[in-house]
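Everything below concerns the one structure shown next.
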Amino acid sequence: MTRAAGWALLAGFAAFLLLPLAATALYAVASTWTTTVMPAGLTLDWLVRTVREPRFAETLGRSLGLGVVVIALDLLLATPALVALVVRRAAWRRVLDVAALLPYAMPGVVLALAVVRFYGAVWPPLLGTPALLALAHGALALPVVYWAILGNLRAIRLQDLYDAALMSGARWPQTLRHVVLPNVATGLGVAAVAAFAASFTDFAVANLVVGAAWPTFSVWQGSLIRANAHLMAVTSVVSLVVTLGTTLALLRLAGGGAPGLGHGRG
372 MTRAAGWALL
382 AGFAAFLLLP
392 LAATALYAVA
402 STWTTTVMPA
412 GLTLDWLVRT
422 VREPRFAETL
432 GRSLGLGVVV
442 IALDLLLATP
452 ALVALVVRRA
462 AWRRVLDVAA
472 LLPYAMPGVV
482 LALAVVRFYG
492 AVWPPLLGTP
502 ALLALAHGAL
512 ALPVVYWAIL
522 GNLRAIRLQD
532 LYDAALMSGA
542 RWPQTLRHVV
552 LPNVATGLGV
562 AAVAAFAASF
572 TDFAVANLVV
582 GAAWPTFSVW
592 QGSLIRANAH
602 LMAVTSVVSL
612 VVTLGTTLAL
622 LRLAGGGAPG
632 LGHGRG
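What follows is the structure, given as structure tokens:
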């Protein structure tokens, strides 16, 4: 492949990814755009109307808070379990690999219905609550969280670090806090991004688990398509900006632990 062909292929791929985003952003500020190639005019009225909607700040705050809860839930559950898996229970890995893929092997609708049916039989008061949605989103994001942390644990040769800490007289909580966590900051950052994105952008699971009883930003956004497509375009841009901003913030926060990576190995 020639260099020109490579650049052409790259440009085509970039256009394939960016043109739908650009069209959505343009429609969000278009006064009208129906039968013409380009909008008839540009306006910020749709943005102002969206921000003034009573549900805008309410649902956005809910989704941001829910995303934080899902991050904490998945990281607190997955990190100690994966550390124990790598250093003590390696034989269980195949079983956990399959279990971690189950949420991806089934559609979101199936996952949501399974959660509703299970907790409806085991703990009915939990139905339709934000707590149940957080648990469902935690399961939805678990596969990416699992593989991101596991890959980082393998890269730092955790078994060697654990043996060295054990020989130095460190106890398990000390090893986890001072040896493991500083060295898996990158993996934790990627896992946190995946967990937040899965929660914040989800519509199907949230719509079935809580629906209109506790609408998230995506559920409210879905209701706008029947009311005004311009408002939905604005919320799509807001969702993209929030997701990108959160991604950069989480990766930068995780990158703050990067110096500990080299220090931890020494």
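If you count the sequence shown from 1, position 103 lands on 474 in this note's numbering, and the numbers rise without skipping.
C-beta: ideal position from N, C-alpha, C; glycine also.
The model shown is predicted, which means the values in this text are computed figures rather than measured ones.
By the neighbour-count criterion, in which a residue is buried when 16 or more other Cβ atoms sit within 10 angstroms of its Cβ, Tyr490 is buried. Per the C-alpha coordinates, the member of Met538, Arg423 and Leu504 positioned closest to Gly479 is Leu504. Counting along the chain, Trp518 sits inside the alpha helix (DSSP H) bounded by residues Pro501 to Ala526. Excluding the 5 residues flanking it on each side, Val551 has same chain C-beta neighbours closer than 6 Å at Val454, in chain order. Contact between Leu622 and Val555 does not hold, since their C-beta atoms are separated by about 14 Å, which reaches or exceeds 8 Å. DSSP places Ala541 outside both helix and strand once states are collapsed to three, so it counts as coil. If you draw a 10 Å sphere on the C-beta of Ala526, you find fewer than 16 other C-beta atoms in it, and that means exposed. Look at the beta carbons and you see the region 585-601 touching the region 564-574: at least three pairs across the two are nearer than 8 Å. For the 7 Å CB-CB criterion, Ala502 and Ala566 do not form a contact. Per the C-alpha coordinates, the member of Thr557, Thr587 and Ala604 positioned closest to Thr618 is Thr557. Taking Leu532 as reference, the option from Trp518, Arg548 and Tyr517 with the minimal CA-CA separation is Arg548.
Burial check for Tyr517: the Cβ neighbour count within 10 Å reaches 16 or more, so the residue is buried. Ala401 sits in a strand when the DSSP states are folded into three classes. Going by beta carbons, Thr587 and Ser402 fall outside the 7 Å limit. The DSSP-derived three-state label of Leu415 is coil. When only Cα atoms are considered, Leu482 and Leu381 end up about 36 Å apart.
In the structure shown, the three-state DSSP call for Glu429 is helix. Rounded to whole angstroms, the Cβ separation of Ala507 and Val440 is 12 Å, and the two are not in contact under 8 Å. Straight-line spacing of the CA atoms in Met409 and Thr606 works out to 21 Å.
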